[in-house]
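The structure appears right after this line, and notes come after that.
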Amino acid sequence: MSRYHTIYRAALDAPQTFWADQSRRIPWFRAPDTILSYDDQQHARWFEGGTLNICHAALDHHVEQGRGEQAALYWDSPVTGTKQTLSYRLLRDRVARVAGGLAQLGVTKGDRVVIYMPMVPEAVIAMYACARLGAIHSVVFGGFAPHELALRIEDAEPKVVIAASCGVEINTVLPYKPIVDQALAQSRFKPSATVIFQRDLNRAELGEGEYDWQELESAAAAECVAVEATHPLYILYTSGTTGKPKGVVRDTGGYAVALAYSMEAVYDLAPGEVCFTASDVGWVVGHSYIVYGPLLRGCTSVLYEGKPVKTPDAASFWRIIDEYKVKSFFTAPTAFRAIKKEDPDARLLARHDLTSLEYVFVAGERLDPPTFHWLEDVLDVPVIDHWWQTETGWPIAANPAGIELARAKAGSATFPMPGFDVAILERDGAPAAPLSEGSVVIRQPLPPGCLTGIWKDPQRFHSAYMAAFPGSYLTGDGGHFDAEGYLFIMGRTDDVINVAGHRLSTGEMEEVLGGHPAVAECAVIGIHDDLKGQLPLGFVIAKDGFDGDEARLEAELVKRVREVIGPVAALKQVLVVDRLPKTRSGKILRKLMRTMADGKAYAVPSTIDDPASLEEIHAALCERDIGQAGQAAPRE
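Add 1 to the 1-based position in the sequence shown for our numbering, that's all there is to it.
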């Protein structure tokens, strides 16, 4: 890995020189005159003095360079039976007209626009139309409850809300307009206009101050507005410990440079090649690697409105890769666990030609080793676990396919990416001993593309991320480096439990449970114990077709953990359940499960995918008289 280490050291030793070189990937209107500077709280700012427009860099520039007829987007919607191909020229023209329509509604540089849409091309068009005008978009995951949408509207104070008339799930149509109406009624801030993209499956009635999307798109085209590199491109809300969502602010210039760099260095994608990121535009993954990153690089991006299974089966992703000749595929581990559960031997792969596929990337939560090994067994390509956050905008650590591929290690996100100075610290801020687990931090300066603040709350930015370890960004994850410098992220620091003074990783226990041939998915939480402080409790979902005795399986799993980790693990109970509570992005809600088990009041989060799964977990805990769940666990 000599080439990787040379590049990595160059980025840390001379960040201004390194990122000045990378900034030349972007067609600036005016090149920056200051590569790196700092604000009053010593937070990094990149490319001051430069001006650009990310819509121009991702669309107009490619049309001008002769790439106009190449596909920019493939839209594939198995839930509606619809497919579309949008060339760079067609996408540019549609974006320009929608931007013109927004301008007629009074949207100008610096105004906010909230976008509440499913995975349709119009969502991408709306995002780029805002960027074209220098407006700041805030995409809210389609289907969020009215209260949560209202909170975001109140915080962002948008001039316009853009929504679809409905979203489409498996055999379900969810009307969006009533949700928007309720949110606007609850919000103390009222936007001046609402725009509705009408879908034939559920058309909405429009009233005063409400406009049809077609009216927007019939406007005269708007030109790109030059913005400063430090101008906010978007606000993306993520959960906060206070209950109030944090509006992560991303700048324009640093983000564009970081994404363009990562498309080559991390994902090894060249102009004209196809990438498929199975996420949603409501999440950071969708922003970075469905909408902006691929098009900045001149690639073709697949926009998928469907699920990994049941649209129509567990071969959905394989069909997409085959049909669109995908080179790089990226999704969350939970998607592969769903596929493995329905098709454990990957027999459905035989239907499809995957010779175009060169890499599989996974992120969003830790890739458990059993799923990693399953993917390695069924796919003859590198499986790359990489780690990043809403706040960072692009990968902190990965196996850098476009620089030099390292030997993969199960459970590891491999190496930090150039620009990220990752360290492991003890609670007192001292460096952790070699091979010891601690808090994962990133030393300043954060590289381009990372958050530049929290919307309207600069103090919260500092207190949430920078105050715990001065000079470093607190990721909130725990992990360690091994002897070869591989980074292992073991989960959020509150997933490390303390059993009779022993700090134990629930992630390590999950590896053991997930390695059992009958287990499709699992989670381990720590629950309160008067004697030992905490005790681990396991939950597993059996693979489809499992018809064995559940009590016997539970006993086997307890024995397995004892044999692999030792009696110190103190795992004595494992529950077989039908499903686990997850967010819509696929993260298991371990903290909420722990709150329930400890009998504490809990609120059903807006991000939950299936609220009924919580009731099942609560019932299972009460049936076994585990923890304090039977005493209370009231909803707030």
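We put the CB at the ideal spot given by N, CA and C, even for glycine.
Start and end of the alpha helix (DSSP H) containing residue i?
i	result
Phe330	That residue, Phe330, is in no alpha helix (DSSP H); its beta strand (DSSP E) goes 329 to 332.
Glu511	507 to 515
Val559	551 to 565
Ala124	122 to 134
Leu13	3 to 14
Leu622	613 to 624
Pick out whichever of the options has its Cα sitting closest to the Cα of residue i.
i	options	result
Pro396	Ile154, Leu296, Gly450	Gly450
Val267	Pro537, Thr415, Leu91	Thr415
Ala556	Leu576, Ser263, Ser506, Gly439	Leu576
Tyr177	Ala347, Lys191, Ala205	Ala205
His148	Asp182, Ala124, Pro295	Asp182
Pro582	Gln71, Leu572, Leu615, Met597	Leu615
Thr1	Ser263, Ser464, Pro568	The chain is shown from 2 up to 637; residue 1 falls before or after that span and cannot be answered.
Ala271	Arg298, Lys245, Gly248	Arg298
Val125	Ile291, Asp34, Asp22	Ile291
Lys22	Gln43, Ile36, Gly273	It is Asp, not Lys, that sits at residue 22 in the sequence shown. It is Ile36.
Leu622	Gly394, Cys225, Asp611, Thr596	Thr596
Leu355	Asp323, Arg338, Val363	Asp323
Ala32	Thr52, Asp14, His44, Thr18	Thr52
Ala524	His481, Lys588, Gly480, Arg561	Lys588
Pro295	Glu274, Asp314, Val310	Glu274
Glu216	Leu106, Val174, Trp388, Lys560	Leu106
Glu392	Ala261, Ala339, Leu505, Leu237	Leu237
Val228	Ile137, Pro122, Met491, Gly472	Ile137
Cys225	Ile618, Arg98, Gly50	Arg98
Phe198	Ile180, Val121, Ala130, Leu406	Val121
Phe145	Val249, Pro448, Tyr212, Ile609	Ile609
Val605	Ile8, Thr507, Met510, Thr584	Thr584
Lys84	Pro313, Val559, Gln535, Tyr305	Tyr305
Val162	Thr195, Arg561, Ile425, Trp20	Thr195
Arg408	Glu377, Pro432, Val423	Glu377
Indicate whether residue i and residue j have their beta-carbon atoms separated by less than 7 Å.
i	j	result
Trp284	Ser38	no
Glu359	Val382	yes
Ala164	Tyr117	yes
Ile55	Ala132	yes
Val108	Ile154	no
Glu48	Ala316	Per the sequence shown, the amino acid found at residue 48 is Phe instead of Glu. Cβ distance not < 7 Å, so Phe48 and Ala316 don't count as in contact.
Val541	Val520	yes
Glu265	Gly403	yes
Ala223	Ala72	no
Lys311	Ile171	yes
Ile443	Phe421	yes
Arg348	Glu522	no
His481	Phe489	yes
Phe373	Ala411	yes
Glu405	Arg10	no
Pro419	Ala12	yes
Ala100	Leu134	yes
Ile425	Ala433	yes
On the DSSP letters alone, give me the boundaries of the beta strand (DSSP E) that residue i sits inside.
i	result
Ala59	Neither: Ala59 is in no beta strand (DSSP E) and is coded neither H nor E.
Tyr39	35 to 39
His481	473 to 482
His529	520 to 530
Ala165	161 to 165
Pro537	534 to 543
Glu211	211 to 213
What does residue i pair with, by DSSP beta-bridge criteria?
i	result
Trp395	DSSP lists no partner for Trp395.
Trp76	Gln85, Leu304
Ala604	DSSP, once it has assigned bridges, lists no residue as partnering Ala604.
Pro147	Answer is none; Pro147 lacks a bridge partner.
Ala45	Tyr39
Val423	Ile443
Ile116	Val140, Ile163
Leu488	Thr415, Phe482
Arg493	Asp478
Ile322	None; Ile322 has no bridge partner.
Gly170	Residue 170 is actually Glu in this sequence, not Gly. Answer by DSSP bridge pairing, in chain order: Thr173.
Ile609	Thr584
Pro228	Here residue 228 turns out to be Val, not Pro, going by the sequence shown. Val228 is bridged to Leu53.
Pro432	Leu426
Exercise. At what residue ranges does the stretch 175 to 208 contain a whole run of the beta strand (DSSP E), taking only runs of 3 or more?
Worked result: 194 to 198
For this session: May I have a chain-ordered list of the alpha helix (DSSP H) segments no shorter than 4 residues that lie completely inside the stretch 356 to 398?
Result: 370 to 379
Problem set entry | beta strand (DSSP E) segments (min. 3 residues) lying fully within the stretch 231 to 294 | 233 to 239, 247 to 252, 275 to 278
For this session: Mind listing, in chain order, the continuous alpha helix (DSSP H) runs of no fewer than 4 residues lying wholly within the stretch 437 to 466?
Result: 459 to 462
For this session: Ignoring anything shorter than 3 residues or poking outside the stretch 575 to 602, list the beta strand (DSSP E) runs there in chain order.
Result: Within the stretch 575 to 602, the complete beta strand (DSSP E) runs of at least 3 residues fall at 575 to 577.
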